[in-house]
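I have placed the structure first, in the form of structure tokens, so that the comments after it can refer back to it.
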Amino acid sequence: MSDLPNLDFDSMTVAEFEQYLPELFASQESGHLSDDPRLAKFLAANPDCAALVRDLETIAETAKSLFVSEEEPSDSVWSNIANKLKQQTGDGDDPVDLSE
Amino acid sequence: MGLQGLQTMQTKPNAGLFKRNPPIAGEAEAIERAKAGDPDAFSKLYSLHKRRVYTLCLRMLGNVSEAEDMTQEAFLHLFRKLGSFRGESAFSTWLHRLTVNLVLMHLRKKGLQLVSLEETINPSEEDAPKRDFGSRDTQLAGSVDRVTLERAVASLPPGYRMVFVLHDVEGFEHNEIATMLECSTGNSKSQLHKARLKLRELLRHPDQLPETESSREVVQ
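So the protein lines, in turn, are chains U and P.
With the working numbering applied, the first sequence covers 31 to 130.
With the working numbering applied, the second sequence covers 180 to 399.
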């Protein structure tokens, strides 16, 4: 946590927690801040902060599943691409077959 | 950052994106054939990557028509630049960056200032997440389903949405996002955090979330 000051995690105030939370999350490769043993005591003493951490972890974790969720462009997208490439690459005598 | 930045970024492959973008069967051959001008090979590359590119555009732009236009632009640009792909990163990662940069340039051209440091990323006061982040009445009831999160993301202010999609969905790191958005890594971290806080607020009332444009079109 090189960007974090020398925080005393056990005596950290809620305001300090709020201030450094973006950096705390960014410093966790796993994204699971609630697993950080240094925060265990603070989160146990501040259940609202613990709930916040859990919620943000849930959001970040669910977001990963959006990566594999894909939508299909309409067929006209490829038609337009193929037409433009024909214009760019063909001289009219030898049109390129760009059927998908 | 202009498209020239793609060449620089290609030399610094992101291990995370490699993990998320494993090689696709037949892709390498299609790339080499497409480089040599084989139209069938380019068509194959389109088939392999159209969904990823289009979905990325749709999430970043929140608009089906614009997303399709940008998908078209991305593949036309790919056709012109394919010869410069050196294979130092996964092809899908390279295409991904190319697409992100095209979308960002498009947004800048629109004058929306979505991606410059202050106004672009910073939403208006009413869009900002509320400060009482720790209070119990803002807590989520439980797990979040993917469809609801997708709708909430679409409801985010554009600047928040951009950073959230790039980091939490697409897997870019803060230093990469900072380069792309021409802001500091601290700004990227801060905006991501605010985006998540805003999502937390939005997700507490999923019934109030608007349908995404794509889902509306499916219904129509």
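All C-beta atoms in this analysis are idealised placements derived from N, C-alpha and C, irrespective of residue type, glycine included.
Note that this is a predicted model, so its numbers are computed, not measured.
- Between the C-alpha atoms of P:D324 and P:L261 there is a straight-line separation of about 38 Å.
- Chain-order list of chain U residues neighbouring P:K368: P52, E53, F55, A56, by C-beta distance under 8 Å.
- Looking from the CA of P:G338, the closest CA among P:L328, P:M359, P:S322, P:V326 belongs to P:M359.
- Within the segment 223-263 of chain P, the complete alpha helix (DSSP H) segments of 4 residues or longer fall at 243-260, listed in chain order.
- In this structure, P:A331 sits away from P:L376, with a CB-CB distance that is not shorter than 7 Å.
- The Cβ atoms of P:H228 and P:L274 sit closer than 7 Å to each other.
- Taking C-alpha positions only, U:W108 is separated from U:K116 by approximately 12 Å.
- For P:R276, the closest alpha carbon among the candidates P:A204, P:T364, P:S363, P:H346 is that of P:H346.
- Around U:L69, the same chain offers F39, L63 as residues with beta carbons nearer than 7 Å, after the five sequence neighbours per side are excluded.
- Contact annotation: the segment 208-218 of chain P does not touch the segment 69-79 of chain U, with fewer than three C-beta pairs closer than 8 Å.
- Within chain P, no C-beta atom comes nearer than 8 Å to that of U:K71; the closest sits roughly 17 Å away.
- For U:F55, the uninterrupted alpha helix (DSSP H) run begins and ends at 44-56, by DSSP.
- Per DSSP, the continuous alpha helix (DSSP H) segment holding P:Q370 begins and ends at 364-382.
- DSSP places P:F351 in the coil class of the three-state scheme, outside both helix and strand.
- For P:E390, the nearest beta carbon of chain U is not closer than 7 Å to its own beta carbon.
- According to the DSSP assignment, U:N76 belongs to no alpha helix (DSSP H), since it is labelled neither H nor E.
- Under the 10 Å beta carbon count, P:H372 is surrounded by 16 or more other beta carbons and is classified as buried.
- Taking 7 Å as the threshold, the shortest C-beta distance from P:E247 to chain U falls below it.
- Of all residues in the segment 91-111 of chain U, only T92, A93, K94, S95, L96, F97, S99, E100, E101, E102, P103, S104, S106, V107, W108, N110, I111 place a beta-carbon less than 8 Å from a beta-carbon of chain P.
- Between the beta-carbon of P:E349 and that of P:L235 there is about 7 Å, and that keeps the pair under the 8 Å contact cut.
- Exposure of U:D105 is indicated by the presence of fewer than 16 other C-beta atoms within 10 angstroms of its C-beta.
- DSSP places U:D105 within a helical segment (H, G or I) once states are collapsed to three.
- Residue-level contact check: P:H372 touches chain U, since one or more beta carbons of chain U fall below 7 Å from its beta carbon.
- Comparing C-alpha distances from P:D386 to each of P:Q370, P:S334, P:S363, P:S367 shows the shortest one belongs to P:S334.
- The alpha-carbon separation between P:L224 and P:L237 amounts to approximately 19 Å.
- For P:G205, the three-state secondary structure derived from DSSP is coil.
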